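Per the numbering used here, residue 85 is the first one in the sequence shown, and the count goes up by one each step. These notes concern the structure reproduced below.
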Amino acid sequence: MNTLAPIALFVYRRPWHTRQTLESLASNPLSRQSELFIFADAPPANAPDKTWQAVAGVRQLIRERAWCGKVHIREATTPKGLAASIVEGVSEVVNRYGKIIVLEDDLYLSPGFLQYMNDALVFYTTENQVMHINGYMYPLKLELPETFFYNVISSWGWATWQRAWQAYCGDAQKLWQALQDQKRSTHFDLQNSGGLLPHLLANVEGQINTWAIKWYASVYLRQGYCLCPRQSLVQNLGFDASGTHAGSSRVYEVPQLAPAIRVGPIPLVEHQRVRQRMRAFYRYGGIGLSYRWQYWMNLTKTKIYYRCPVWLRRLYGRLKPTGR
């Protein structure tokens, strides 16, 4: 019986990036024994020709070879969008197998990625407070243990269990209100440093529709723990302005991937130095001036909005421009 976790990969229109992900995945020794589910989204009917060509290129690529021991391909016929595609795909696989490793089409993986993920999934199977496993680690230049807990999820190569994923809430308004009721918004947002609260608010207002911030809030409100590696096992290739949601940046680039990470017993407590360093990373090192300005504008708007009476907020909701 195969006890390895199934892998879900979400692709769309980036052939070069998708190839890097698939080839680095296939370079993991455990890939030959693993089961891979590839979810390919569809473009809208009015998409330009270059988008259709790119989508066709990706769909040809995923059939090029057996990237893992067993491969299942799910091709959408109508566009779902990244958020819906991931939530539906993760739910399908994790509900069937009880655990899952999740990838998107812009990640380059260490050869030790699958071993680390599977080891962690087995080690923490019955530890209900551990809800998420991060494969990526920020370039913090900090002496760290082999693994530790930092309770902000990363969506750049991750894993979870059915027991944890069932806590996922896709209602941004409900998550926002729970943070307000518990008076935990500031801590959730790394003491107003991470831009996470405005990101959730943008989902509440319908400006964007993303899944990862809702998953983070769902884990956070359950006081869940996220396991992290000392050194990243994932490089994100998507900050070249080729993706749907990411612009161009090199601040998240890690100098070298860890060849392997050992998983073993550690205290079930968040690493406070990492949390402090991440506040500084987001506030000073990981974002530019324009982002910081937009963040503080959004934060100010957030504070004003939720100090208004309910009737005024409802009036604003009816009068605000469509698409905001």
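All C-beta atoms, glycine included, are put in the ideal place defined by N, C-alpha and C. Computed from a prediction, not measured in an experiment: that's the story for all the values here.
Closest residue to TRP242 among THR209, CYS312 and LEU228 (Cα-Cα distance): CYS312
Alpha carbon of SER115 to alpha carbon of ARG147, nearest angstrom: Using only the alpha carbons, I get a separation of about 16 Å.
Beta-carbon proximity check, GLN315 vs MET201, cutoff 8 Å: no
Continuous beta strand (DSSP E) stretch holding GLU119: start and end: 119 to 124
Cβ neighbour criterion (16 or more within 10 Å) applied to LYS267: exposed
Pick from GLU354, ALA160, LEU399 and LEU224 that is closest to GLN213, judged by C-alpha positions: GLU354
Proximity below 8 Å, CB of ALA110 to CB of TRP136: no
DSSP-derived helix/strand/coil call for ASN179: helix
Complete runs of the beta strand (DSSP E) confined to the region 129 to 176 [at least 3 residues]: 154 to 159
For ALA296, the three-state DSSP class (helix, strand or coil): helix
Exposed unless 16 or more other CB atoms sit within 10 angstroms - verdict on LEU120: buried
Cβ-Cβ distance between SER108 and LEU88 below 8 Å: no
Contact set for THR270: own chain, Cβ-Cβ below 7 Å, skip 5 residues either direction: ASN276
Three CB pairs or more closer than 8 Å across the region 184 to 202 and the region 335 to 352: yes
Status (buried if at least 16 other CB within 10 Å, exposed otherwise) for ASP190: Around the CB of ASP190, 16 or more other CB atoms lie within 10 Å, so the residue is classed as buried.
Any non-hydrogen atom of the ligand FMN closer than 7 Å to HIS156 Cβ: Looking at this structure, you won't find the ligand FMN or any other ligand, since it has none at all.
One or two residues paired with PRO313 in a DSSP bridge: THR231
Simplified DSSP assignment, three categories, for LEU191: strand
Nearest to ALA138 (by Cα), restricted to the options TRP100, ARG158, GLN340 and ILE122: Residue nearest to ALA138 within the set TRP100, ARG158, GLN340 and ILE122 is TRP100 (criterion: CA-CA distance).
Span of the beta strand (DSSP E), counted from its first residue to its last, around GLN266: Following the DSSP letters along the chain, one finds GLN266 in no beta strand (DSSP E), marked with neither H nor E.
Euclidean distance between Cα positions of LEU341 and ALA92: 21 Å
Between the CA atoms of TYR366 and GLY322 - distance to the nearest angstrom: Their Cα atoms are separated by approximately 19 Å.
7 Å Cβ shell around PHE232 - same chain, five flanking residues per side excluded: CYS312, ILE350, HIS355 and VAL358
Among VAL236, THR210 and PRO229, the one whose alpha carbon lies nearest that of ILE297: Ranking VAL236, THR210 and PRO229 by Cα distance to ILE297 puts VAL236 first.
Residues that TRP242 bridges to, as DSSP identifies them: VAL186 and ASN218
Same chain only: Cβ atoms within 8 Å of PRO132, ignoring 5 sequence neighbours per side: none
Inter-residue CB distance, TRP249 and VAL178 (contact presumed, cutoff 8 Å): 5 Å
Same chain, Cβ closer than 6 Å to SER169, five either side skipped, listed in chain order: PHE94, PHE123 and ASP125
For LEU259, the nearest candidate out of LEU145, ALA129, VAL288 and LEU274 (CA to CA): VAL288
Where the beta strand (DSSP E) through LEU93 begins and ends: Where LEU93 is concerned, the enclosing beta strand (DSSP E) stretches over 91 to 95.
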